[in-house]
Each structure stands twice: as C-alpha cells, then as structure tokens.
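For the sequence shown, this note's numbering begins at 413 and goes up steadily by one. Even glycine gets a Cβ: it sits at the ideal position worked out from N, Cα and C. Bear in mind the structure is a predicted one, so any value in this text is a computation, not a measurement. Working notes for the structure below.
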Amino acid sequence: MCDTIAINKKFSETMQTILAKNSDRPLGECQPLGYFPAGTKREKPSCVKSTSKKMTATVNGTGYCKEGSRFAVIGSRPYWMDGFEMGANEKGLFIGNEAEGSKCPAETVEGLLGMDMLRCALEAAETAREAVGVITGLLETFGQNANASQLFDRRYENTFIMCDQKEVWILETAGRQWVSKKIDDYATVSNCYTITTDWTECSKDMKKTVRDNRWLHPSEPVDFAKAYTKPATRQRFSVPRRNQMMKLLFGCLLQSMNEIAQKRLEDDIEDGKFHDDRELNKALKSYGASVGVPMLKFILGDHFEDEINAGRFSDSGGENCSICMHANSWDEAKTAASMIMTYEKGIGLKLLWAPASPCMSVYIPVYWIPGQVPKIPECMSRGSEKFDDESLWWHMEWAGQLTGIDEEVYSEDNSNDLLEVELNQEDAQERIEKLARKLVKDGMEKEAQELLNEFTENYALKAMLAAGDINDYMIKEIQADGGFYGPRKEFLKDYAERVSLFENIVLS
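In structure tokens form, the structure reads like this:
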C-alpha cells in the first residue's frame, strides 16, 4: 500500500511541480536512497534473475539497455531490488507508483515489477509524457505482476504518477491493459483505480477486453476503474485513504486563501454553483489557492487523528488504515519511506527524504544541480534486512517502533526531538540555498553543488544523532522496566528478534 500526491505548478506555492509519496512496504524492509549515473548497466531486473529473460533496448528505444541508462537517476528503493519506489532523473522527471489489483489474469511467466518499470522510465525518459510511453511499452511486451516481497508471495499491478516541470500524468494498468490521463491541477492516488471514463489515451484492447468480459453493461460507457477493479479487502483500506488525502488537500487549499475568499468559495459550494471538479478547481485557482511542502508533510504524516482511530490506544498503533501506515504483525505493511520532490531552475532537484515512518522521522534535503553529481551521505544509502547501527533508516525505524511501546508517555518528547532537528536547520537551509543560487548564477555550479552536498551531510548526521539518542534512551527505559510491555509487547519483541536489534545496537 502507498499514497501519492501530485501538484501541478499552477497550484504549487512556489510555482514548481511537486510529487509527494509515502512508500508502504513489508515490515522490516529497509529502504535506502541511491544515486546511479548515466550509463549504469542493468541487463535484466531483479524480478527475473532466475529466468533466462533479458530486456534490451528494443521497447521504444529503452528498457534495460546494454549500453547503460540514458539519464542519471536517484531514488528510494527496497534494499533487495534494483527498482525504485519513487525517484527522479537529471532532467527533473519524478515518478512514484502504487500497487493495484485487477480482474485480468496473471502472467503465465514472471512479469515485471512496477518498481523496475519506474526506474526504467527515469533512466530513459526526459518528460512525463515520454515516461508513459516507456512504461506502456515495457508493460505490453513483458507484462507485470512479479513477486514484490522477500517474505511472502505478493503480486500486483500498478498505477504511476509522472511529473515533469510542465505536465503531470497518471498511468493506470491492469494486466497488459492501461489508461493514461493528463492532470491539469492536482491528483491523489492510493491502491485503487481512479481513472473512470476521462482518460487521455488507452491501450489498443482496453475497451474490447471490457466488452468481451461483460464487466459493464453493454450500453454503459467504458469506465476503467469500475470495469477493471477486482473486489478485494484492500479496497476497504485504500479508498478511505485516498478520500482522506483529497479531504486534507482540499483543506490545505482552503487555508491558503484569505478569509474573504474562503467564505465566498464555501458559499458557492453550498449554493451548488460548481457542476464538476473542473469548475471548482478553476475557482480555487482564481482565489489564489496553493499547496506547499509543509502542507504535504502534514498530509503524509496523517493517521486519521481524532477520526476513525480515536480512542484506540494510539494514533500510530496500526489499528486502522492511515496515510502514514503502521503495522501490528509481521505480515503487515507499513510506511518505509516518504519523499517530496520539487525542481527549481538553477539549483535543480530538491528531494526531501524521510526514512521509515514520516510521523517519527526527519525530511532531509538532497540537492542535484544540473550537470553536477549529488552526494548521498553513507548513512542514507546504507541498510539491509538486519538492524545496522550505521544506517539512518534503521535508527529512524526503531525511534518510531520503540516510541510505540507507550505512545502516551514517549511520543511527544521523542517526536519533538526529531522536529527540533528540522527547525534548527530551517534558517541555515534558507541561507545555504540562497548562496547556492548565487553561485550558480555566477557560473560556479560545482562549488554550489559541493556546498549543498556538505549541508545534506551535516543534516543527515544531526538526524542520525537525534534518532540514536532516542533509541539509546528507549532501550534503557525498556531495560529498567524489565522488558517490553503494553498492547504491542509481543509484536515489538518479535520484530526486535527478527532484525537482531539488541545484538547490534551499541549502548553508551
């Protein structure tokens, strides 16, 4: 399960396209950040290592090219796979994907992972529209639905959101069928199809497949989401999460307007002035509504606080679905990383990466000036299936998990310790970015990149220290209390043993 938000630049606070995503993955699956230069060679994806299938530069001139990738890429990925959950390339193209389930039959041979297709598109495409072509070409040639888990057999199809600096596209897939849609305002996707009858393009046999299978009444227009959605339990969780994102996003847009504009818009809505979303969004734009990074951080950290989770032990206890996902058992998924990406002319890509659960983490900026090389601190690029004392991801994961022993006692202090890291860096970050812009303007791109790389390194180290201090404190508290306790006792004890937490962590 994942949740993704795309903001077209006309609704962006800084007039920059924004892509924001929570990547939800199997429990304990570390998700480090990686950078790969242009020319990186990948002859076949991780999902087909056990087969003889090889992918070459035959699909729209892309694929796993023997000559290497066309563009340099950066992305957040599960430690065991080549593909990205979310990422960007040197041209300012951003992509994130979502797991879906359709009525289409599974492939008879192993297909592709959505994450592999996502990375392929970043390596090969310059624009969002080109990325649609890359992924649909791969999809129609090789299929999808490979096993996406190291622990269980979990297969799914995919939705993708692609953003460049001019356009936003959604691509939804079912088997080898697909529809795409250009987004002119903003969009949210979760693990449920969202494109109905208003697609921009579709696969050759998409409509015929619907009619041949009688998935809709013969006189009914072809609604992709309605026709292809497979009835499944996941819909009970994904539909509310997407609705919550839209509700929070609309609330943020309203809050960005002045009080007079808010009142006028609310009155117009109550009077039924708007016949569809297009008219509503046009009104929002006319009133100057916009969304910024702080608002998106708020949405990505949401647990339906004071709503459907109210009164169930803790907001992050894993009792219900939420945008910031938490787990209560080994076979459940949780948010493994959160990312917000923007692209500014001059200093280029600004990627904010929060390891593990965003509600108990820090968004660390990574910068990528065009023509330069971003440097990812080792602690951000490190991590595997066991606890690693040098991995920022693992420290943030356990800062959140150990806080969950007794959220009423520990949550406020621990989350404030991490929030303090971000707050203490805000002024310095603004100053460093301003200086970097000046250096770029003066033709000193290399010096600007080095300055930004150094800032990222220092930021990551501060985050690492803060998370490590929380873990040291929490483990001492556990020892003083005689071990784990509370509603999540068995879960946390089992998790700690599986990832060798106490065998590796060093206490002062």
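Under the DSSP assignment, arginine 437 falls in the beta strand (DSSP E) whose first and last residues are 430-438. In this structure, Leu431 is the residue among Ile711, Leu431, Leu847 and Ala840 with its C-alpha nearest to the C-alpha of phenylalanine 506. Rounded to whole angstroms, histidine 807 and threonine 426 show a C-alpha spacing of 32 Å.
The criterion of a C-beta distance shorter than 9 Å is satisfied by glycine 526 and asparagine 570. Note on the segment 805-866: whole alpha helix (DSSP H) runs with a minimum of 4 residues are 819-853, in chain order.
In the structure shown, glutamate 691 falls within a helical segment according to DSSP collapsed to helix, strand and coil.
Of the candidates Phe572, Arg676, Gln837 and Leu530, the residue whose Cα lies closest to the Cα of methionine 493 is Leu530. Under the three-state reduction of DSSP output, phenylalanine 636 falls in the helix class.
Proximity to leucine 761 across Pro786, Ala739, Ser741 and Pro490 peaks at Pro786, based on C-alpha coordinates.
For isoleucine 507, DSSP records a beta bridge to Gly499 and Met574. Collapsing the DSSP output to three states places alanine 533 in a helix.
In the assembly as shown, leucine 873 is an exposed residue. Its beta-carbon has fewer than 16 other beta-carbons within 10 Å.
Fully enclosed alpha helix (DSSP H) runs of no fewer than 4 residues occupy 618-625 of the segment 560-626, in order along the chain. Boundaries of the beta strand (DSSP E) harbouring tyrosine 779: 776-780, taken from the DSSP string. Counting C-beta pairs with one atom in each stretch, the segment 571-591 and the segment 413-426 have three or more that are closer than 8 Å, which means they touch.
Excluding five sequence positions before and after serine 702, the CB atoms of its chain that fall closer than 8 Å to its own CB belong to Phe423, Ser424, Glu425, Leu665 and Ser668, given in chain order. Nearest C-alpha to glycine 451 among Glu522, Ala518, Leu534 and Asn434: Leu534. Beta-bridge analysis with DSSP links cysteine 414 to Ser435.
The C-alpha of threonine 539 is placed about 18 Å away from the C-alpha of glycine 758. Beta-bridge analysis with DSSP links glutamate 756 to Gly760. Between methionine 657 and isoleucine 711, the gap from beta carbon to beta carbon is short of 9 Å.
Taken through DSSP and simplified to helix, strand or coil, leucine 677 comes out as helix. With a beta-carbon spacing of about 6 Å, valine 774 and glutamate 834 fall inside the 8 Å limit used to define contacts. Within the segment 868-901, no complete alpha helix (DSSP H) segment of 4 residues or longer occurs. Its chain contains Ala450, Glu535 and Ala536 as the residues whose beta carbon lies nearer than 7 Å to that of arginine 482, once the 5 sequence neighbours on both sides are disregarded; these appear in chain order.
Between leucine 551 and tryptophan 590, the gap from beta carbon to beta carbon is short of 9 Å. A contact between stretches requires three or more CB pairs, one per stretch, nearer than 8 Å, and the segment 846-859 fails this requirement with the segment 804-824. Comparing alpha-carbon positions, the option among Trp780, Glu809 and Ala875 lying closest to glutamate 862 turns out to be Trp780. By the Cβ-count criterion, proline 517 is exposed, with fewer than 16 other Cβ atoms from all chains shown falling within 10 Å of its own Cβ. Between the segment 764-773 and the segment 841-852 there are fewer than three inter-stretch CB-CB distances shorter than 8 Å, so the stretches are not counted as touching. When the Cα atoms are used, proline 633 and arginine 623 turn out to be separated by approximately 10 Å. In the three-state scheme derived from DSSP, where H, G and I count as helix and E and B as strand, isoleucine 486 is classed as strand.
The segment 638-646 makes no contact with the segment 672-691: fewer than 3 CB pairs, one atom from each, lie closer than 8 Å. Going by beta carbons, glycine 499 and tyrosine 568 fall outside the 9 Å limit. Rounded to whole angstroms, the gap between the alpha carbons of asparagine 828 and lysine 620 is 55 Å.
Per the DSSP secondary-structure output, isoleucine 788 pairs with nothing in a beta bridge.
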